[in-house]
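**Q** Chains as they are written, first to last, in this note's numbering: chain A, 127 to 241; chain B, 350 to 463.
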């Protein structure tokens, strides 16, 4: 069935790089997303990658996708204290299936950035 | 600001009661999604509407129902509330068209059932 797994916690020092990992099971996933949730706030879209891509870079964010291993990672360069939040990866299935639009989320990774 | 609005921000009610959560999508978006975020279940998809019609259904309880109105706003109705329904309820919207169809989330409604 559909499942998305993430490690629950990551702690880094300010200025270091953070790498948040995610694995998924649905081989028909077409788009994979990273969302950020700050305390008391909604989900903010950070970036996404289409399943036929290996990598996408957007300023300090780099997304790597290993489709064979169904492994997705989000690298944040020069991590700042303002990056402290919960990061969710999510997959979306094949367009036109009965679950069109449904996002399957991981449990979220809490990123703690120490000054 | 994602452009998706949800009201109310907080809701406190008692078991057995019924509540209505409201969502207004981003301008131009035809699709609305409802998700529930709880400590034990994480973020779960409940239901999706596209231009007034139900498009996909997830783990939505029979006590819960939703609809999307002609002006595209949506309401999620929760009835016979139980303690376990306490959660953060998110609405998201997207164009609903094939392609990236990115979902943008509202700030959520925090429901507390006492």
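We put the CB at the ideal spot given by N, CA and C, even for glycine.
(1) Taking C-alpha atoms, which residue in B:350, B:432 and B:456 lies nearest to residue 462 of chain B?
(2) On the DSSP letters alone, give me the boundaries of the beta strand (DSSP E) that residue 359 of chain B sits inside.
(3) Would you be able to state if there are at least three C-beta pairs under 8 angstroms between the segment 398-406 of chain B and the segment 373-383 of chain B?
(4) If we count the other Cβ atoms within 10 Å of its Cβ and call it buried at 16 or more, is residue 442 of chain B buried or exposed?
(5) Less than 6 angstroms between C-beta atoms, sequence neighbours within five positions excluded: which residues of the same chain meet that for residue 197 of chain A?
(6) For residue 407 of chain B, decide whether its Cβ has a neighbour in chain A, counting only Cβ atoms nearer than 8 angstroms.
(7) Run the CB neighbour count on residue 218 of chain A, radius 10 Å, all protein chains shown included, and call it buried at 16 or more, exposed below.
(8) Which residue wins for smallest C-alpha separation from residue 157 of chain A, given the options A:227, A:195, A:212 and A:137?
(9) Rounded to whole angstroms, what's the CA-CA distance from residue 200 of chain A to residue 146 of chain A? Just pull it up for me.
(10) Taking just the CA atoms, how far does residue 422 of chain B sit from residue 378 of chain B?
(11) What are the residues that DSSP puts in a beta bridge with residue 233 of chain A?
(12) Less than 8 angstroms between the C-beta atoms of residue 457 of chain B and residue 354 of chain B, yes or no?
(13) So what's residue 401 of chain B in DSSP terms, helix, strand or just coil?
**A** Let me spell this out:
(1) B:432
(2) Note, residue 359 of chain B: beta strand (DSSP E), 359-362.
(3) yes
(4) buried
(5) 149
(6) yes
(7) That one is buried.
(8) A:227
(9) Going from the Cα of residue 200 of chain A to the Cα of residue 146 of chain A covers about 5 angstroms.
(10) 10 angstroms
(11) DSSP, once it has assigned bridges, lists no residue as partnering residue 233 of chain A.
(12) no
(13) coil
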